[in-house]
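This report concerns only the one structure given below.
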Amino acid sequence: MFILEFFPPDARRFGLLVLLPEERKRQLATWLDRARAWSQGPGASLHRPLEVFERNATGYVVLSEPLGRTLATQVASAGPLSGEAAVRLVERLAQSAAELLEAGLPVGEMDPSRVSLAGDQQWLTLGWADGGQEAYRAPEQWMGPDTETWARVLYSLGAVAHFAVTGQIPPAATHRALGMPLPPLPVGLPPGLENFLEQATQLAAHQRPPSLRGVAGLLRGQSGPPAGAGRHPAGQGLRVAAHRSWVTHLAMRGQVLVSAGADQQVRVWTMDGNPVSTLEGLRAAPVGLRLLSTGIVVADARGRVHCWAGNTYHSADSGSGIERLCALGEDRVVTLGDRQQLHLWRVPEVQALGQDAQAGQHVTALHEGHDGTLVLGTRHGEVLRYDPQRMQRVTLLSGLQGSVTSLVMGPRGHIFAACGSAVHLVGKGEIAILPTGVQALAVGGRSESLFVAAGRSVYRINRPGDAPQPLLESAVSVRCLSATGTHLAAGLEDGQLEVVPLSEREAGR
């Protein structure tokens with residue numbers, strides 16, 4: 001017999017009594033509930049409790065044999081597991097987790113400290129009910145309800161198996177969503193194991209294997225669902241309740257979508273609407289958002305610039321309010337202050353590099369240009385190119401009737417400007433009149449189609465001179481847009497996101 005005491009690392013003793021921090025007392029209750037459930041439940045690979053009791057202000061579990069070495073200890077001392085050993089480990093743990101879930105019993109957070117190895121045996125142990133390690137949490141755990149599902153357990157199992165064969169802790173799902181890759185797999189792994197590792201660690205829940213029961217077949221080489229197979233047919237929109245107030249800004253890059261809202265929240269999503277994380281730090285409404293290779297950059301109305309990069313967060317104060325933000329390459333951003341000055345910042349450290357107190361005069365729209373320049377729209381109906389190094393402004397377009405409310409530049413250098421309900425192309429003139437005032441512009445699709453948000457609709461213009469074609473209709477106003485070569489995202493006044501896959505026809509012929 002072996003007795004396991006609930007005595008996590010931060011516990012203390014006072015005579016026979018065990019002193020637990022307040023948070024650990026709540027975890028003790030979870031631990032005891034899990035132990036009692038496991039003592040009656042199924043699971044051939046569980047370290048099954050024989051008896052569960054409370055004494056000395058803590059809990060105790062009687063086991064038939066010692067825990068053995070944890071997977072974390074084994075890998076640290078002897079190196080990664082072989083492919084064959086990892087296959088056996090995954091099969092056993094998947095079987096136990098499936099039996100628990102099917103019986104309505106808790107699996108709990110899975111990580112290498114909860115996997116016990118003794119000879120050829122592998123067990124899932126009780127752990128300390130402490131929430132597990134971030135590296136092994138599924139993306140949906142960061143924002144959704146704390147409900148165990150097969151998809152959530154599969155992600156944790158895949159991350160644990162990835163650690164077992166590489167010896168490296170995988171990056172958390174929040175970091176992966178920003179482009180941080182998993183450690184490379186060693187050569188010579190069984191193909192079925194490689195297939196499982198690829199599918200189980202998909203950020204999108206629906207792209208993981210269809211069940212825990214199917215893991216054994218996947219490990220033996222039976223095909224599973226192809227990675228990237230979505231649940232939404234091409235051309236149909238996906239709607240996500242993202243914010244408690246209107247969506248102010250959107251940015252997309254690769255398979256990552258970032259939204260900012262008037263509720264002072266910044267949120268990261270997968271492209272199929274699965275939440276990844278909520279970024280903390282804003283203390284005022286966002287006025288600009290950019291998703292760069294160096295991190296997620298947001299400016300707020302109180303004059304603070306924020307950057308989240310991997311597991312780091314930096315911010316700095318501009319000394320005045322901020323009205324707009326745009327990027328200048330991948331490691332610099334520019335903000336427009338409420339005194340019409342332009343500030344230059346280096347990111348991700350958010351270091352102030354200087355300012356031009358005159359360049360922002362009368363500016364109502366701001367966008368990144370090519371070759372280190374900016375494109376400015378003014379309240380006098382002008383579009384200007386500004387070179388921050390030379391501090392020179394060149395007029396590209398003038399004479400528009402009213403303020404420039406939105407600007408966008410396509411990859412080929414075409415600059416579009418919105419003024420009232422009209423859209424202009426620099427060098428060509430007016431190309432479209434919309435039924436109501438234009439709220440936002442975006443360029444996307446394989447042929448650089450222009451997308452225009454006006455009122456409660458989003459229109460597509462494939463080529464200058466083509467009539468605007470309705471692409472999306474909403475019950476509320478469309479506040480912002482973002483587009484890539486494959487998707488269009490719209491932020492709505494009711495706090496929802498609409499993500500539309502762009503078919504070949506929609507992306508431009």
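According to the UniProt record's numbering, the sequence shown is numbered sequentially starting from 1. Glycine included, each C-beta is placed from N, C-alpha and C at the ideal position. On a predicted model such as this, the values are computed, not experimentally measured, just so you know.
Beyond the five residues adjoining it in sequence on each side, Gly273 comes within less than 6 Å, by CB distance, of Leu238 and Val240 in the same chain, given in chain order. Gly337 carries a strand assignment under DSSP once its states are collapsed to helix, strand and coil. The Cβ atoms of Thr149 and Pro80 do not sit closer than 7 Å to each other. Listed in chain order, the beta strand (DSSP E) elements of length 3 or more contained wholly in the region 354-378 are 363-368 and 374-378. A check of alpha carbon separations from Leu185 across Glu194, Gly485, Ala177 and Leu178 identifies Glu194 as the nearest. The C-beta of His362 has fewer than 16 other C-beta atoms within 10 Å across all chains shown, which makes the residue exposed. Between Ser293 and Glu330, the beta carbon gap of about 5 Å places them in contact (Cβ cut-off 8 Å). Within the model, the alpha-carbon separation for Gly295 versus Ala440 is close to 24 Å. In summary, Gln121 is exposed, with fewer than 16 beta-carbon neighbours lying within 10 Å of its beta-carbon over all protein chains present. For Pro191, there is no enclosing beta strand (DSSP E); the enclosing alpha helix (DSSP H) has its first and last residue at Pro191 to Ala200. Gly381 counts as buried, since no fewer than 16 other beta carbons sit within 10 angstroms of its beta carbon. In the pairwise beta carbon analysis, the region 486-505 is classified as touching the region 458-472: at least three pairs are separated by under 8 Å. Of the candidates Asp494, Thr484 and Val499, Thr484 places its Cα closest to the Cα of Arg253. Contact annotation: the region 254-265 touches the region 275-290, with at least three C-beta pairs closer than 8 Å.
The Cβ atoms of Leu336 and Glu323 sit closer than 7 Å to each other. DSSP lists Trp345 as the bridge partner or partners of Ala352.
7 Å or more divides the Cβ of Gly399 from the Cβ of Ser245. Leaving aside the five residues that flank Gly281 on each side, the residues in its chain whose CB is nearer than 7 Å to its CB run, in chain order, His306, Tyr313 and Ser315. Comparing C-alpha distances from Phe451 to each of Ser477, Phe416, Glu198 and Gly369 shows the shortest one belongs to Phe416. Thr364 is positioned such that its CB atom lies closer than 7 Å to that of Ser403. In the structure shown, Val165 adopts helical secondary structure according to DSSP, grouped into three states. The Cβ-Cβ distance between Ala299 and Ala285 does not fall below 7 Å. Looking from the CA of His414, the closest CA among Arg390, Gly369, Ala454 and Ile433 belongs to Gly369.
If you ignore the 5 residues before and after Val18, its C-beta comes within less than 7 Å of the C-beta of Phe7, Ala11, Asn56, Ala57 and Thr58, all in its own chain and listed in chain order. Taking a contact as a CB-CB distance under 8 Å, the pair Glu498 and Leu472 counts as one, their CB atoms being some 6 Å apart.
Restricted to the region 270-347, the beta strand (DSSP E) segments that are unbroken, complete and at least 3 residues in length are 275-279, 286-292, 295-300, 304-309, 312-317, 322-327, 332-337 and 342-346, listed in chain order. Secondary structure at Arg69: strand, using DSSP grouped into helix, strand and coil.
CA-to-CA, the gap between Leu342 and Asp356 works out to about 5 Å. Going by DSSP, Arg208 is part of no alpha helix (DSSP H) at all; its letter is neither H nor E.
One Cα belongs to Arg69, the other to Leu203, and the distance between them is close to 30 Å. With respect to the 7 Å criterion, Pro468 and Ala422 are not classified as neighbours on the basis of their beta carbons. It is roughly 16 Å from the alpha-carbon of Glu102 to the alpha-carbon of Ser39. The continuous beta strand (DSSP E) containing Glu5 extends over residues Phe2 to Glu5. Residue pairing by DSSP places Ala422 opposite Cys419 and Ile433 in a beta bridge.
Taken through DSSP and simplified to helix, strand or coil, Thr248 comes out as strand.
In the structure shown, Arg36 falls within a helical segment according to DSSP collapsed to helix, strand and coil.
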